[in-house]
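From first to last, the protein sequence lines are chains A and B.
Under the working numbering, the first sequence has 403 at position 17, and the numbering climbs by one with no breaks.
Under the working numbering, the second sequence has 404 at position 18, and the numbering climbs by one with no breaks.
Backbone N, C-alpha and C define an ideal beta-carbon position, used for all residues, glycine too.
Owing to the predicted nature of the structure, the values given are computational and were not obtained by experimental measurement.
Working notes, structure below.
Number of protein chains: 2
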Amino acid sequence: MAETRLPQADAYTLILAAIDEGIYKPGDRLVESELAERFGVSRTPIREALQRLETQSLLSRDGRSLIVASLDHNQLAELYVVRAELEGLAARLAARHATVEEVRVLRDMVAADRRMVDDPAALSRANKRFHKQIHLGSHNRFLVQQLDLVHRSMALLATTSLAAEGRGGEALDEHAAIVEAIARGDGDEAAEALKAHISHAFETRLKLESGDRRRVGH
Amino acid sequence: MAETRLPQADAYTLILAAIDEGIYKPGDRLVESELAERFGVSRTPIREALQRLETQSLLSRDGRSLIVASLDHNQLAELYVVRAELEGLAARLAARHATVEEVRVLRDMVAADRRMVDDPAALSRANKRFHKQIHLGSHNRFLVQQLDLVHRSMALLATTSLAAEGRGGEALDEHAAIVEAIARGDGDEAAEALKAHISHAFETRLKLESGDRRRVGH
DNA sequence: TGGGCTTAGTCTGCGCGCAAACCACCACAA
DNA sequence: TTGTGGTGGTTTGCGCGCAGACTAAGCCCA
Chain A
387 MAETRLPQAD AYTLILAAID EGIYKPGDRL VESELAERFG VSRTPIREAL
437 QRLETQSLLS RDGRSLIVAS LDHNQLAELY VVRAELEGLA ARLAARHATV
487 EEVRVLRDMV AADRRMVDDP AALSRANKRF HKQIHLGSHN RFLVQQLDLV
537 HRSMALLATT SLAAEGRGGE ALDEHAAIVE AIARGDGDEA AEALKAHISH
587 AFETRLKLES GDRRRVGH
Chain B
387 MAETRLPQAD AYTLILAAID EGIYKPGDRL VESELAERFG VSRTPIREAL
437 QRLETQSLLS RDGRSLIVAS LDHNQLAELY VVRAELEGLA ARLAARHATV
487 EEVRVLRDMV AADRRMVDDP AALSRANKRF HKQIHLGSHN RFLVQQLDLV
537 HRSMALLATT SLAAEGRGGE ALDEHAAIVE AIARGDGDEA AEALKAHISH
587 AFETRLKLES GDRRRVGH
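Structure follows, in structure tokens:
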């Protein structure tokens, strides 16, 4: 009874949310019976949810059992390369296909987000919304789907690069530049701006990571 | 007993193969109990397989039941845009990261495939292998995974553009150009050549489709 | 004391059956 | 003839339990 989060969410959504919120961290073992009890359903829907998550590479197999997938340094780099390309494509397409209303929403988002520069958690959520809006602006369902996958994999990363000192402000300036390129209908510029934005985010993450590693003594 | 195709393949693989072979066509309804009987397992593993296929958008829901997804004209165009971008990226990365052995394999493939120009079915299989080899040459696991998804969606299309008169020869010339660009380590050229290749394939498919449509009187 | 065998416990894979939702068909009435 | 309500059959969602595999711990023997 205490676990009735949303009116009715299926096991898949529940487990995804749990990973997203960091309740289960990369490397954690997911035991069917445990999840079943936690969410108050039987093992069957849990099994189905786990398999779906496995096909999206959010879970991987360790022997017979499933664990939350973790990204090593190489995989992180590979992920960012693909992400930059796809986000760049989304920006290019958005410049061509976004409606004036969609562009207006993007502009409003950038303006609203400026008021959150000091709240990394809120900024991170706003950031997700912003990028999602660009994806939708591309009016390409496959691209949206592929980018969803990419962002879901990124949920495996505990920290957000927006937590870095000063990165929030920078990121917002970059967002503004992207939106203006899209508003102008300049696809090349929009794609380049978004690729550069992703590249900076990756760079920031790498710096954060090496910092963390030093602090915790890995 | 008659259905024991491979020693042990799970339901997921079996259903995927059945869609691939055209046993189930876009729009066909997939009934759990039917599949269970056909493959000689109970409904449980079938259900799991169906859900996995649904998360990959190979199946879609029609009311409560699952049908094989079909691609309308818009979706086809959207798919090809994403495909061109990802394949282009793969070529670019392959130019940078492929080993000499991998390049040699690509060259051999092009040479071997020239002997099949008159067999569209064999050519189609060889084509899949060729592109897969380029994906692997990128040495980017995420990219390989994303491209797998794209190609799986393309399995929903009944015809191969290689069936068009003369397309086989053209495609092989384009393959050769791509391989040479990769061999030279010229990423930009490789990406452009592969994008152009995909673009031609799409064009051919569109011509084929309009022809088909005229013939069957849609 | 150490190595191998046995045994108990855990967890996944899968079959099975019930209940609820949905669809189609039909009958009856306006 | 058309609209409305009921009813049966089909199909999915899910709980449950068994069997097999794998793990780990303990015991016996060298």
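Looking at C-alpha atoms only, which residue of the options is the closest neighbour of residue i?
i: A/Phe516; options: A/Asn526, A/Ile564 and A/Ala577; result: A/Ile564
i: A/Ser547; options: A/Asp494, A/Gly571, A/Arg591 and A/Tyr398; result: A/Arg591
i: B/His521; options: B/Ser510, B/Ala557, B/Ala481 and B/Ser451; result: B/Ala481
i: A/Phe588; options: A/Ser524, A/Leu542, A/Val467 and A/Leu475; result: A/Val467
i: B/His459; options: A/Arg527, A/Val489 and A/His586; result: A/Arg527
i: A/Leu533; options: A/Glu566, A/Ala477, A/Pro506 and A/Val427; result: A/Ala477
i: B/Ala569; options: B/Val530, B/Ile401, B/Thr485 and B/Thr399; result: B/Thr485
i: A/Gly340; options: A/Ala395, A/Val454, A/Gly449 and A/His483; result: What is shown of chain A runs 387 to 604, which leaves residue 340 of chain A out entirely.
i: A/Leu475; options: A/Ser596, A/His586, A/Gly597 and A/Ala582; result: A/Ala582
i: A/Leu452; options: A/Leu436, A/Ala395, A/Leu462 and A/Ala576; result: A/Leu436
i: B/Gln461; options: A/Val454, A/Arg450 and A/Gln531; result: A/Gln531
i: A/Gly413; options: A/Asp448, A/Thr399, A/Ala404 and A/Ala395; result: A/Asp448
i: A/Tyr680; options: A/Ala567, A/Leu543 and A/Gly571; result: Residue 680 of chain A falls outside the range modelled here, since chain A spans only 387 to 604, and no answer is possible.
i: B/Val454; options: B/Glu487, B/Ala403, B/Gly571 and B/Ala507; result: B/Ala403
i: B/Gly571; options: B/Ser524, B/Gly597 and B/Ala508; result: B/Ser524
i: A/Val489; options: A/Ala395, A/Ala567 and A/Pro506; result: A/Ala567
Could you please give me the residues that DSSP links to residue i through a beta bridge?
i: A/Arg447; result: A/Leu452
i: B/Leu416; result: B/Leu452
Does the beta carbon of residue i come closer than 9 Å to any beta carbon on chain A?
i: B/Phe671; result: This structure cannot settle anything about residue 671 of chain B, because the visible part of chain B is limited to 387 through 604.
i: B/Gln519; result: no
i: B/Leu522; result: no
i: B/Thr430; result: yes
i: B/Ser456; result: no
i: B/Ser377; result: Nothing about residue 377 of chain B can be read from this structure; chain B reaches only from 387 to 604.
i: B/Arg433; result: yes
i: B/Leu479; result: yes
i: B/Val427; result: no
i: B/Leu475; result: yes
i: B/Leu542; result: no
By Cβ distance below 8 Å, which residues in the same chain neighbour residue i in space, the five residues on each side in sequence not counted?
i: A/Leu465; result: Leu457, Val536, Ser539 and Met540
i: B/Lys593; result: Ala550
i: B/Ala512; result: Met495, Ala498, Asp499 and Met502
i: B/Leu529; result: Leu472, Leu475, Ala476, Leu479 and His521
i: A/Leu558; result: Val496, Asp499, Arg500 and Val503
i: B/Lys397; result: Per the sequence shown, the amino acid found at residue 397 of chain B is Ala instead of Lys. Counting only Cβ-Cβ distances below 8 Å, and skipping sequence neighbours, we find Leu421, Phe425, Val427, Pro431, Ile432, Glu434 and Ala435.
i: A/Leu416; result: Ile401, Tyr410, Leu436, Leu445, Ser451, Leu452, Ile453 and Val454
If you follow the alpha helix (DSSP H) that residue i is part of, which residue opens it and which one closes it?
i: B/Glu556; result: Arg553 to Arg570
i: A/Val536; result: Arg527 to Met540
i: A/Thr430; result: Arg429 to Thr441
i: B/Thr399; result: Ala397 to Asp406
i: A/Ser547; result: A/Ser547 -> no alpha helix (DSSP H), and no H or E assigned at all.
i: A/Lys514; result: Pro506 to Gly523
i: A/Gly474; result: His459 to His483
i: A/Val489; result: Val486 to Asp499
Just to confirm my understanding: we take residue i, look at its own chain, exclude 5 residues before and 5 after, and list those with CB closer than 6 Å. What are they?
i: A/Glu473; result: Leu580 and Ile584
i: B/Asp578; result: One point to set straight first is that residue 578 of chain B is Glu, not Asp, in the sequence displayed. For B/Glu578, where only same-chain residues beyond five positions count, there are no Cβ hits under 6 Å.
i: A/Ala371; result: Because residue 371 of chain A is not part of the residues shown, which for chain A are 387 to 604, the question remains open.
i: B/Arg601; result: Low confidence applies here, because B/Arg601 scores a pLDDT of 48, under 50, leaving its location unreliable; read the following figure in that light. Result list for B/Arg601: empty, nothing under 6 Å.
i: B/Leu439; result: Leu445
i: A/Asp406; result: Ala541
i: B/Ile401; result: Ala435
i: B/Gly555; result: Val503
i: B/Pro506; result: Leu548 and Ala549
Please report whether the beta-carbon of residue i lies at a distance below 9 Å from any beta-carbon of chain B.
i: A/Val417; result: no
i: A/Ile405; result: no
i: A/Val467; result: yes
i: A/Thr441; result: yes
i: A/Glu595; result: no
i: A/Glu471; result: yes
i: A/Glu464; result: yes
i: A/Ile401; result: no
i: A/Val486; result: no
i: A/Arg450; result: no
Within the same chain, show all residues whose beta-carbon is closer than 7 Å to that of residue i, passing over the 5 residues directly before and after it, in chain order.
i: B/Arg469; result: Val536 and Ile584
i: A/Thr545; result: Leu594
i: B/Arg429; result: Glu418, Ser419 and Ala422
i: A/Gln442; result: Leu535 and Arg538
i: B/Arg553; result: Ser547 and Thr590
i: A/Val491; result: Gln519
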